[in-house]
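The letter at position 88 of the sequence shown is residue 88 when you use UniProt numbering, and the numbering goes up by one with no holes. Don't be surprised by glycine CBs; every beta carbon is placed ideally from N, CA and C. One structure is given below, encoded as structure tokens.
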Amino acid sequence: MVPSIHPNCILSDPLFLHVVSDEMPSLLSVLKHNASLSAREAGFVAVFAGATNGIGLATLKVLTVSLVSPRFYVIGRSKASFALHIAALRRSNPSVSIHFIETEIALLRNVIAVCENIIRREPHVDLLYMSPGSLAFGGPHLASYCNIVPGCS
């Protein structure tokens, strides 16, 4: 059963219902769907956790050029590192609104703060895109967690 989803949400589109049923959509279906994005009403809101590179950034780029006046919240560790991407996205769609929220989302208190920040600004979110990458080589890096983990040194 498919959960109830906001009517403007991309996930409510037939293409994405294939994901729920484990069917792979055809390339033609994907291209048709992407072409239909520009017909959506202005003001689509998306939150990206993990869009500073890779597939997350590629998704952000496609949605930027495909939607009318979208509002995007990008959560990442370095606003300075992402500044060139913000400039390029704004050149590709001057009506886009991009808010970079600089934080470390591996810490739950930061996730809560980000959610509160977005809730204050937006009455709804149409898409939550979560693709944060993290692979700690050489064991865990506990330095930033020690203030919340009892007995950590």
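Practice problem: Run the CB neighbour count on Pro70, radius 10 Å, all protein chains shown included, and call it buried at 16 or more, exposed below. | Solution: Label assigned to Pro70: buried.
Quiz prompt | Cβ-based neighbour list, Asn34, same chain, cut-off 8 angstroms, excluding 5 preceding and 5 following | solution = Once the five neighbours on either side are set aside, the close Cβ partners of Asn34 are Val62 and Ser66.
Quiz item: How many Å lie between Leu57 and Ala51 at the Cα?
Solution: Distance from the CA atom of Leu57 to the CA atom of Ala51, rounded to whole angstroms, is 4 angstroms.
Practice problem: Closer than 7 angstroms by C-beta to Leu15: which residues in its own chain qualify, once you throw out the five before and the five after it? Chain order, please. | Solution: The predicted model places Leu15 with a pLDDT of 41, which falls under 50 and marks its position as unreliable; any figure quoted below should be read in that light. For Leu15, the CB contacts under 7 angstroms within the same chain, skipping 5 residues up- and downstream, are Pro25, Ser29, Val30 and His33 in chain order.
Practice problem: Can you give me the Cβ contacts of Ile105 inside the same chain, cut-off strictly under 8 angstroms, excluding the 5 residues immediately before and after it? | Solution: Ala49, Ile75, Val111, Val114 and Pro132
Practice problem: Report the option in Leu27, Met130, Leu108 and Val45 whose CA atom is closest to the CA atom of Thr64. | Solution: Val45
Quiz item: So the beta strand (DSSP E) Arg71 belongs to, where does it begin and stop?
Solution: Arg71 to Gly76
Quiz prompt | Distance, Val47 Cα to Leu128 Cα | solution = 5 angstroms
Quiz item: Can you list, in chain order, the residues of its chain whose CB lies under 7 angstroms from that of Ser95, leaving out five sequence neighbours each side?
Solution: Correct list, in chain order: Val68 and Ser69.
Quiz item: In whole angstroms, what is the alpha-carbon distance linking Asn53 and Leu37?
Solution: 22 angstroms
Quiz item: What separation, rounded to the nearest whole angstrom, lies between the Cα atoms of Ile86 and Glu23?
Solution: 34 angstroms
Exercise. With distances taken Cα to Cα, identify the nearest neighbour of Ser81 among Arg90, Glu102 and Ser92.
Key: Glu102
Quiz prompt | 3-residue-minimum beta strand (DSSP E) runs that sit fully inside the region 43 to 96, ordered along the chain | solution = 45 to 49 and 71 to 76
Quiz item: Is Glu102 helix, strand or coil by DSSP?
Solution: strand
Quiz prompt | For Leu107, the three-state DSSP class (helix, strand or coil) | solution = coil
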